[in-house]
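Inspection log for the structure reproduced underneath, given as structure tokens.
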Amino acid sequence: MRRLNQLAPNVEKYAADAKLKAAHQLAEEVRSRAPTGATLDYMESIDGDLLTSRPAQEQVGTRSTKDVTATGLFAKFIWRFLEYGTAPHFTTKGGGTVAGKKQAVLSQAKMHPGTQAQPHIFPIYRAMKPKIRKMILAAVNKAVREARKG
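In terms of numbering that gives the first Met the number 0, the sequence shown opens at residue 0 and continues consecutively.
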């Protein structure tokens with residue numbers, strides 16, 4: 000990256016703009032296919048942004064990075080329950096532990112039936128990944144072309 004910046008100083012600026020635009024497009028596509036529910040609250044919480052601008056908010060499927068221009072998809076914490084579904088479980092306090100299950104059975108507590116997986120993030124990301132790569136490469140190529148002209 001250092002050699003590329005020496006060749007074309009605007010590469011990081013153009014690539015950062017392309018990454019942010021791609022994150023917004025991905026968020027819009029995921030939002031359009033997200034489970035709505037009764038309040039649309041979860042669907043409206045999905046957004047694409049820079050990782051550095053939201054350090055404390057829940058990040059969807061990302062790891063830590065040193066790239067200050069890295070972008071990500073942000074959503075409410077329930078995204079993983081919707082994406083992967085849940086297994087049947089007791090709703091009483093401690094219902095997931097062995098002792099809690101025994102106590103829940105004895106008290107005839109309610110059993111949550113679990114939820115079906117509703118994949119709406121990663122299938123869309125996988126489908127859009129080639130387009131996102133092309134956007135970033137086009138931005139890098141644009142910066143290189145400008146550097147070669149000047």
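Every residue gets a Cβ at the ideal spot worked out from N, C-alpha and C, and that includes glycine.
Notebook entry, point to check: Mind checking whether T70 and A22 have CB atoms under 8 Å apart?
Noted result: yes
Checklist line | Simplified DSSP state of D46, which is helix, strand or coil | finding: strand
Notebook entry, point to check: Just checking my contact of V10 with A142 at CB under 8 Å: how many whole Å lie between their CB atoms?
Noted result: 4 Å
Notebook entry, point to check: Among residues of its own chain, excluding the 5 on either side of Y83, which ones have a beta-carbon nearer than 6 Å to its beta-carbon?
Noted result: A116
Check: From L50 to S44, what does the alpha carbon distance come to, in whole angstroms?
Finding: 16 Å
Checklist line | Near the ligand FMN: H119 beta-carbon under 7 Å from a heavy atom | finding: Absence of the ligand FMN from the depicted structure is noted, as is the absence of any ligand whatsoever, leaving it without description.
Next item on the list: Please report the residue range of the beta strand (DSSP E) in which L72 lies.
Entry: 70-73
Next item on the list: Scan the stretch 70-140 and note each continuous beta strand (DSSP E) run of 3 residues or more that stays entirely inside, going in chain order.
Entry: 70-73
Item checked: Beta-carbon spacing of D40, A26 below 8 Å -> no
Notebook entry, point to check: Do you know offhand how far F73's Cα is from D48's?
Noted result: 7 Å
Notebook entry, point to check: So what does DSSP say about Q56, is it helix, strand or coil?
Noted result: coil
Next item on the list: Find the nearest neighbour of P118 within the set A33, K128, Q107, judged by alpha-carbon distance.
Entry: A33
Item checked: Cutoff 8 Å; reference I135; Cβ partners in own chain excluding five residues on either side -> A14, A17, K18, A21
Check: To the nearest angstrom, how far is it from the Cα of L105 to the Cα of P87?
Finding: 17 Å
Notebook entry, point to check: Can you check whether the CB of M42 is closer than 8 Å to the CB of R30?
Noted result: yes
Item checked: C-beta atoms of F89 and T114 nearer than 8 Å -> no
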